[in-house]
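Read the structure below first, then the notes.
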Amino acid sequence: MKPNPIPPEPGQESVWDYPRPAILQDTDKHIKVIFNGIILAETHKPKRVLETSHPPSYYIPAEDIKLEHLIATPKKTMCEWKGVCQYYDVSVGDKYVNNAVWKYIQTTPNFNSIQEYYGLYVSLMDACYVNDELVKPQTGGFYGGWITSDIVGPFKGEPGTNWW
Numbered sequence: 001m002k003p004n005p006i007p008p009e010p011g012q013e014s015v016w017d018y019p020r021p022a023i024l025q026d027t028d029k030h031i032k033v034i035f036n037g038i039i040l041a042e043t044h045k046p047k048r049v050l051e052t053s054h055p056p057s058y059y060i061p062a063e064d065i066k067l068e069h070l071i072a073t074p075k076k077t078m079c080e081w082k083g084v085c086q087y088y089d090v091s092v093g094d095k096y097v098n099n100a101v102w103k104y105i106q107t108t109p110n111f112n113s114i115q116e117y118y119g120l121y122v123s124l125m126d127a128c129y130v131n132d133e134l135v136k137p138q139t140g141g142f143y144g145g146w147i148t149s150d151i152v153g154p155f156k157g158e159p160g161t162n163w164w
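Here full-length UniProt numbering is used: position 53 in the sequence shown is 53, and no number is missing along the way.
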């Protein structure tokens, strides 16, 4: 199935205008993450990764995330653009989620500045916000994209998109 990109309206971005290979971009958007009734992370200094067909993935600096709720796991994965990442479980009170957060521990040169930042799966959090807008998670268990009203697709991860 060949994608049929949605034309962006004024003030919107199309994921089909994002580059491949992926790039890292600084942003001043306000990011807030809620998990089991607490603000797990909040920042005005996130970075975002942009890649063709994917909604942006936001990365939060270590100083703006409550690291005491993260538990390192043995899981590691490799991204051809970013490098090797380590996964973390999240534990707050009586709520525990496996492999919900990741951090790149060995980066490629273009992503060196992401090493002290953490990404997370929106679908495993209670709520994630970009500039006070509730985020929708990217479909599929592999991708960590954040969908907001200023981003249009279609997005990789939806049924039938494996070969995009």
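Note that beta-carbon positions come from the ideal geometry of N, C-alpha and C, so glycine has one too.
These figures come from a predicted structure and were not determined experimentally.
- Message: So, with DSSP's three-state summary, where would you put Ala22?
- Response: coil
- Task: Tell me Tyr88's beta-bridge partners as DSSP assigns them.
- Result: The partner list for Tyr88 (beta bridge, DSSP) reads Ala72 and Val101.
- Message: Along the chain, where does the beta strand (DSSP E) containing Phe35 start, and where does it finish?
- Response: Note, Phe35: beta strand (DSSP E), Ile31 to Phe35.
- Query: Using the C-alpha atoms, what's the distance from Trp146 back to Val49?
  - Reply: Val49 and Trp146: Cα-Cα distance of roughly 10 Å.
- Task: Kindly indicate which three-state DSSP category Pro109 falls into: helix, strand or coil?
- Result: The answer is helix: DSSP assigns Pro109 an H, G or I state.
- Message: Please report the distance separating the alpha-carbon of Trp16 from that of Tyr143.
- Response: 16 Å
- Where does Gln138 land, buried or exposed, given buried means 16+ other C-beta within 10 angstroms? buried
- Message: Rounding to the nearest angstrom, what Cα-Cα distance links Tyr118 and Lys156 in this structure?
- Response: 22 Å
- Considering only C-alpha positions, which residue in the set Asp28, Ile38 and Lys76 is nearest to Ile105? Lys76
- Query: Below 9 Å between beta carbons: does that hold for Glu80 and Pro19?
  - Reply: no
- Item | Opening and closing residue of the beta strand (DSSP E) in which Ile38 lies | For Ile38, the uninterrupted beta strand (DSSP E) run begins and ends at Ile38 to Thr43, by DSSP.
- Item | Local Cβ density within 10 Å of Val84, reported as buried at 16 or more and exposed below that | exposed
- For Lys66 and Asp150, the rounded distance between their alpha carbons: 28 Å
- Task: Could you say which of Asn4, His54, Ser91 and Ile60 lies nearest to Ile38 if we only look at CA atoms?
- Result: Ser91
- Pick helix, strand or coil for Glu63, following the three-state DSSP scheme. Helix.
- Whole-number beta carbon distance between Val152 and Tyr8, since they are thought to touch under 8 Å: Checking the sequence shown, residue 8 turns out to be Pro, not Tyr. Contact check for Pro8 and Val152: beta-carbon distance about 5 Å, within the 8 Å limit, so the pair qualifies.
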